[in-house]
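Counting in this note's numbering, the sequence shown runs from -12 upward without gaps.
A short write-up of the structure that comes next.
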Amino acid sequence: MTSFPRHHGVIVPLVTPVQPDGSLDEAAAERLVDHLASNGCGMLVLGTTGEVASLPAALRLRYVEIAVRVAAKRTPVFACPASNCVSFSLESGNAYLKAGVDAVVGILPNYYKLEAAEMLAYFERLADGIRGPLMIYNMPATTGMSLPLDVIETLARRSNVTGLKDSEGTAGRREEVAKRFGGRPDFSLFMGIAAHSIPALRLGFDGLVPSGGNLYPERWSALYQAARAGDWAKAEQLQTQLDAIGAVFQRNRTLGQSLAALKAGLGLRGLCGPAMVPPLLPLSAADQEAVRAELVRLG
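This is how it looks when you write it as structure tokens:
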């Protein structure tokens, strides 16, 4: 049986920096990847934060190649071949593995509502066809479906299914996930809701996937390290600070506009321009300035 590394720590879902014409801003991509890796954070390329559903295949692969090259094995690089077409996901996932990613992150298609048996069959097909480690991504906010724990349990028995990123906030979900899957030597748990980070780490989750880590990877890394060291007072203090920063992007915004606000904030550190991938639009100039002013105020 093939064994794969067990991952932990902070894995930041990268934004996708683009030019106003929609092409990849390769210089900004390099800055972002180095920004994360230099601060001890791994990265998920082509996730929800990366506007993956709107990206053409060639741009996706190019971004993966840049991330692998610039990260240079300092921290893990994951990539998500999200698509409603399973053959595309398989072809893309294997191309990303060939490019050097540490794991492929599979997510449910989001056009048809699926029954549990269909969800299981979909992920089994991915696991059979992906020639490397596969992590499961549960994201009801975009798929409109919750991946049942019994389905995850069945998938976790497969040798190349190596972990779960869970971004579901329903009551009791994280506790049940930790109870059923925590502490396994060959299966990692990542919390995908930034505001749930401390409770998840207390329950034994292995890592975090915070979109705000694009802006402040050093703070998210410090939070994780404090929790690992048992310094919960410091970890809680950082969580409070980071929750306030996250609210700047997310309060009273749609998911898409929260990503536009995040890109506006990244301009403060010279990391990324405000352009979005259609159909999403950047914030107005006034709203961009308001986001930046609030971030400066928070420090």
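Quick reminder that beta carbons are idealized off the backbone N, C-alpha and C, glycines included.
Since the structure is predicted, the reported quantities are computational estimates derived from the model, not experimental observations.
### Query
Can you tell which of Leu33, Ala247 and Leu210 has the C-alpha that lies nearest to the C-alpha of Ala90?
Leu33
### Residue burial classification, Met(-12) (beta-carbon count within 10 angstroms, cutoff 16)
For Met(-12), the pLDDT reaches just 43, beneath the cut-off of 50, and the residue's location in the model is therefore unreliable, leaving the point undetermined.
### Query
Considering Phe110, what are the terminal residues of the alpha helix (DSSP H) in which it resides?
Ala103 to Gly116
### Message
Going by DSSP in three states, Val264 sits in which element: helix, strand or coil?
### Response
coil
### Query
Can you tell me the Cα-Cα spacing of Gly254 and Leu84, whole angstroms?
31 Å
### Task
Tell me whether the beta-carbon of Phe(-9) lies closer than 9 Å to the beta-carbon of Asn147.
yes
### Query
By Cβ distance below 6 Å, which residues in the same chain neighbour Glu38 in space, the five residues on each side in sequence not counted?
Thr3 and Val264
### Query
Which stretch, first to last residue, makes up the beta strand (DSSP E) that contains Pro306?
Outside the displayed range of the chain (-12 to 286) lies residue 306, so it cannot be described from this structure.
### Task
Using 10 angstroms around the beta-carbon of Tyr99, count the other beta-carbons present and answer buried if the total reaches 16, otherwise exposed.
exposed
### Query
By how many angstroms is the C-alpha of Gly29 removed from the C-alpha of Phe287?
Only positions -12 to 286 of the chain appear in this structure, which leaves residue 287 out of reach.
#### Entry: Neighbourhood of Ala142 by C-beta, 8 Å cutoff - its chain only, sequence neighbours within 5 removed
The residue you asked about is not Ala; residue 142 is Leu in the sequence shown. These residues qualify, in order along the chain: Leu107, Phe110, Glu111, Ala114, Ile123 and Val148.
### Query
Considering only residues of the same chain and omitting the five flanking positions on each side of Asp71, which have a CB-CB separation below 6 Å?
The sequence as given places Asn at residue 71; Asp does not occur at that position. So the qualifying residues of the chain are Pro96 and Tyr98.
### Where the beta strand (DSSP E) containing Lys152 begins and where it ends
Val148 to Asp153
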